[in-house]
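Numbering (the numbering used here), first residue to last: 96 to 693.
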Amino acid sequence: MFYYSSVFYARPTHLKKPYYLIEFLMTQIFIRCLSICALLLPTLFFSACADGQHSSDLRLSENQELVSSAPADAEDPEADLTTELEALRRAGSWTPSSTTSQNQNVQPDTTCSDFPITINNQVQVYLDLFQNQQRKSFAIWLSRSGKYLPLMQKELKEAGLPEDLAYLAMIESGFNQKAYSKADASGLWQFIPGTGSQYNLKTNKYLDERRDAEKSTKAAVSFLSNLYDEFGDWHLAVAAYNAGPAKISKGMERYNTKDFWSLAQYDYLAMETKRYVPKLIASIIIAKNPEKYGFTDIQPESPYAYETLEVGPGLTLDAVALISNCDRKTIDLLNQELSTDKTPLNQSSYHIKIPVGSQKIASENLPRLQRIATTDYKSHTITKGESLSEVCKRYDVNKTTLLKVNNLRNQKLASGQRLRIPYQTIRYHLLPEGSNKAIAAATQDNLILHRIQKGESISQISHKYKVPAELIISWNDLPRNPKLHIGQQLSLYIDQKNKASQPVKTTTIASNSQKDDKVIILATQIKKFPKTVTNTMVTASNTETPEKLQNSWYKVQDGDTIWTIAKELKLSPLQIKQWNNLQSNTIHPGKRLKIKDV
Numbered sequence: 096m097f098y099y100s101s102v103f104y105a106r107p108t109h110l111k112k113p114y115y116l117i118e119f120l121m122t123q124i125f126i127r128c129l130s131i132c133a134l135l136l137p138t139l140f141f142s143a144c145a146d147g148q149h150s151s152d153l154r155l156s157e158n159q160e161l162v163s164s165a166p167a168d169a170e171d172p173e174a175d176l177t178t179e180l181e182a183l184r185r186a187g188s189w190t191p192s193s194t195t196s197q198n199q200n201v202q203p204d205t206t207c208s209d210f211p212i213t214i215n216n217q218v219q220v221y222l223d224l225f226q227n228q229q230r231k232s233f234a235i236w237l238s239r240s241g242k243y244l245p246l247m248q249k250e251l252k253e254a255g256l257p258e259d260l261a262y263l264a265m266i267e268s269g270f271n272q273k274a275y276s277k278a279d280a281s282g283l284w285q286f287i288p289g290t291g292s293q294y295n296l297k298t299n300k301y302l303d304e305r306r307d308a309e310k311s312t313k314a315a316v317s318f319l320s321n322l323y324d325e326f327g328d329w330h331l332a333v334a335a336y337n338a339g340p341a342k343i344s345k346g347m348e349r350y351n352t353k354d355f356w357s358l359a360q361y362d363y364l365a366m367e368t369k370r371y372v373p374k375l376i377a378s379i380i381i382a383k384n385p386e387k388y389g390f391t392d393i394q395p396e397s398p399y400a401y402e403t404l405e406v407g408p409g410l411t412l413d414a415v416a417l418i419s420n421c422d423r424k425t426i427d428l429l430n431q432e433l434s435t436d437k438t439p440l441n442q443s444s445y446h447i448k449i450p451v452g453s454q455k456i457a458s459e460n461l462p463r464l465q466r467i468a469t470t471d472y473k474s475h476t477i478t479k480g481e482s483l484s485e486v487c488k489r490y491d492v493n494k495t496t497l498l499k500v501n502n503l504r505n506q507k508l509a510s511g512q513r514l515r516i517p518y519q520t521i522r523y524h525l526l527p528e529g530s531n532k533a534i535a536a537a538t539q540d541n542l543i544l545h546r547i548q549k550g551e552s553i554s555q556i557s558h559k560y561k562v563p564a565e566l567i568i569s570w571n572d573l574p575r576n577p578k579l580h581i582g583q584q585l586s587l588y589i590d591q592k593n594k595a596s597q598p599v600k601t602t603t604i605a606s607n608s609q610k611d612d613k614v615i616i617l618a619t620q621i622k623k624f625p626k627t628v629t630n631t632m633v634t635a636s637n638t639e640t641p642e643k644l645q646n647s648w649y650k651v652q653d654g655d656t657i658w659t660i661a662k663e664l665k666l667s668p669l670q671i672k673q674w675n676n677l678q679s680n681t682i683h684p685g686k687r688l689k690i691k692d693v
């Protein structure tokens, strides 16, 4: 500041006084800005350092899903963060031990845990908060602990670590597998992607293993073991779990200390890291003896348990629930690591989790599982000025389809008009028990056979029938990138019942050849016959009988077989073959067959 003043007074005398005043004011403003920055930069720098490591921001996102049967009105413990920080500020210095508060009715037990327990003012703050302002949240945590503690403590014990480190997940996520922080930390143990990757937790568009209870626990145990090997002190190791080992190491070196509480007295660690250790200690003290602290009505959740079933890619959780004979919610809760509602498409197989005791029935049902593409409808209300093209683009549907579905003759739309918007869904059912899958499928009225034409590809067929290519591949047990050949027949299971336009009747049949015992599965789209009879095309209404037909002809349609024609006309395949001198069951579209009365 002295330097700038000297420069100012040393200005040449030929400059006019107004210029002196302007320069002086600008200089003073600049100096004030530098002073403010000098005060703020250390705080910003150290906060960034702390948050740049293993951040475990405990504030839950607004849309975070609660995954237990906890009360819907439970409060987020971080919602009253201001009160918490103010209570810590009043607690005084961060010494290893201090006089117990006179307002504390219950004296904490320092021998209750295999984790080192320190009682000081900061621990007392959290003992008080958990019993009062944050009581609802802590009660939920205690309830959820019954689900995860057996798994976590088993892994910790096998690694030779304090079993009560399991309560670290309590203050990290509230024992919520889907907990997610603003720092992109996820899961029970709140791993950020980088740290999770270091400990072999996969994170991609299909999978987030940070939300896998078992895998994330194994990763956390390995991480904590490494931290203790580095620091030799559990308080420092736990602080490093939050802030990152580099942050703690630099602080120990800078302030020449090997004690967490001594380090916490300085303005070096972020408050999040400082409060992390006393919060864990208070959680352990209460959780080890909840009745002593007034938590007498806790109903612990059942321990986390499951069986697995190896399945292929793209299997939806609805299908898993169906074959496991359980509800979809149960499957969701067991497989919270899945980022979509299906098994990963980038893996050839996946071990899906199913309820204990359901592996046998799921294994038996899996071969009987049938996927069917069907059409459902949603409603859209036209807004002022909205065009048909805009609606089509929004819902990814073509104009012809939209016009036909809504029985519209032109593209003019009126404000307030409601349109039916078709969209594709996949539903599942189980084929009859003990049946051959192909034969059983032929008894359904949703099977369509498509014969490959020259130049056709799976993607073209997918577009034509409005079904995903992966479904066509799955239906026909094809490789991932199939090579199709002309005349090859594909089975498509497409529900026609929900179509708004006049449906084509789909008949699915099984034909027994009289020359061999081989069962042939066939399907065809049989069009209704007109009610008149000519001498070139056999026709029959639902009231006319084939016995009245003489010297008539039937023109073979695409997909027809001798057996389907005979069944529709109430004749036998042998009769049709004899009348037309056929030596085999092979017929082709366009061929005229003679139909005679017996």
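C-beta: ideal position from N, C-alpha, C; glycine also.
Owing to the predicted nature of the structure, the values given are computational and were not obtained by experimental measurement.
Name the one or two DSSP bridge partners that residue i has.
{"i": "residue 558", "result": "Per DSSP, none; premise fails for residue 558."}
{"i": "residue 519", "result": "470"}
{"i": "residue 648", "result": "689"}
{"i": "residue 448", "result": "403"}
{"i": "residue 546", "result": "584"}
{"i": "residue 411", "result": "437"}
{"i": "residue 513", "result": "476"}
{"i": "residue 524", "result": "465"}
{"i": "residue 589", "result": "468"}
Measure the beta-carbon distance from residue i to residue j and round it to whole angstroms, keeping in mind my assumption that it falls under 8 Å.
{"i": "residue 368", "j": "residue 337", "result": "5 Å"}
{"i": "residue 463", "j": "residue 526", "result": "4 Å"}
{"i": "residue 333", "j": "residue 375", "result": "6 Å"}
{"i": "residue 586", "j": "residue 576", "result": "Wrong, their Cβ atoms sit about 19 Å apart, outside the cutoff."}
{"i": "residue 225", "j": "residue 377", "result": "6 Å"}
{"i": "residue 398", "j": "residue 217", "result": "About 33 Å separates the two Cβ atoms, so there is no contact after all."}
{"i": "residue 553", "j": "residue 580", "result": "That belief does not hold up - the Cβ atoms of residue 553 and residue 580 are roughly 13 Å apart, past 8 Å."}
{"i": "residue 589", "j": "residue 543", "result": "6 Å"}
Grab me the residues of residue i's own chain with a C-beta within less than 7 Å of its C-beta, minus the 5 sequence neighbours each way, in chain order.
{"i": "residue 427", "result": "412"}
{"i": "residue 250", "result": "312, 313 and 316"}
{"i": "residue 509", "result": "477"}
{"i": "residue 440", "result": "301, 408 and 409"}
{"i": "residue 522", "result": "467 and 469"}
{"i": "residue 442", "result": "408"}
{"i": "residue 418", "result": "457, 460, 461 and 464"}
{"i": "residue 561", "result": "519"}
{"i": "residue 396", "result": "163, 238, 239, 241 and 242"}
{"i": "residue 389", "result": "226"}
{"i": "residue 178", "result": "228"}
Please classify residue i as buried or exposed, where buried requires at least 16 neighbouring CB atoms within 10 angstroms.
{"i": "residue 227", "result": "exposed"}
{"i": "residue 770", "result": "Residue 770 cannot be examined here, being either before or after the span of the chain that is shown, 96 to 693."}
{"i": "residue 182", "result": "buried"}
{"i": "residue 400", "result": "exposed"}
{"i": "residue 133", "result": "With a pLDDT of 49 at residue 133, under the threshold of 50, the modelled position of that residue is not reliable, and no figure is offered here."}
{"i": "residue 254", "result": "exposed"}
{"i": "residue 350", "result": "exposed"}
{"i": "residue 215", "result": "buried"}
{"i": "residue 340", "result": "buried"}
{"i": "residue 203", "result": "buried"}
{"i": "residue 273", "result": "buried"}
{"i": "residue 424", "result": "exposed"}
{"i": "residue 285", "result": "buried"}
{"i": "residue 386", "result": "exposed"}
{"i": "residue 330", "result": "buried"}
{"i": "residue 191", "result": "exposed"}
{"i": "residue 626", "result": "For residue 626, the pLDDT reaches just 29, beneath the cut-off of 50, and the residue's location in the model is therefore unreliable, although a value from the coordinates is still provided. Exposed: under 16 other Cβ atoms inside 10 Å."}
{"i": "residue 491", "result": "exposed"}
{"i": "residue 219", "result": "buried"}
Enumerate in chain order the residues of its own chain whose CB-to-CB distance from residue i is below 6 Å, with the five nearest sequence positions on each side excluded.
{"i": "residue 248", "result": "258 and 261"}
{"i": "residue 661", "result": "667, 668 and 671"}
{"i": "residue 402", "result": "449, 451 and 454"}
{"i": "residue 326", "result": "332"}
{"i": "residue 549", "result": "581"}
{"i": "residue 371", "result": "337"}
{"i": "residue 479", "result": "510"}
By Cβ distance below 8 Å, which residues in the same chain neighbour residue i in space, the five residues on each side in sequence not counted?
{"i": "residue 379", "result": "207, 208, 210, 212, 259 and 262"}
{"i": "residue 493", "result": "487"}
{"i": "residue 714", "result": "Residue 714 falls outside the range modelled here, since the chain spans only 96 to 693, and no answer is possible."}
Please report whether the beta-carbon of residue i lies at a distance below 8 Å from any beta-carbon of chain C.
{"i": "residue 392", "result": "Although the question refers to chain C, the structure presented lacks it and comprises just one protein chain."}
Item to check | Ranges of the beta strand (DSSP E) found wholly within the region 256-309, counting only runs of at least 3 | outcome: Qualifying beta strand (DSSP E) stretches: none in this window.
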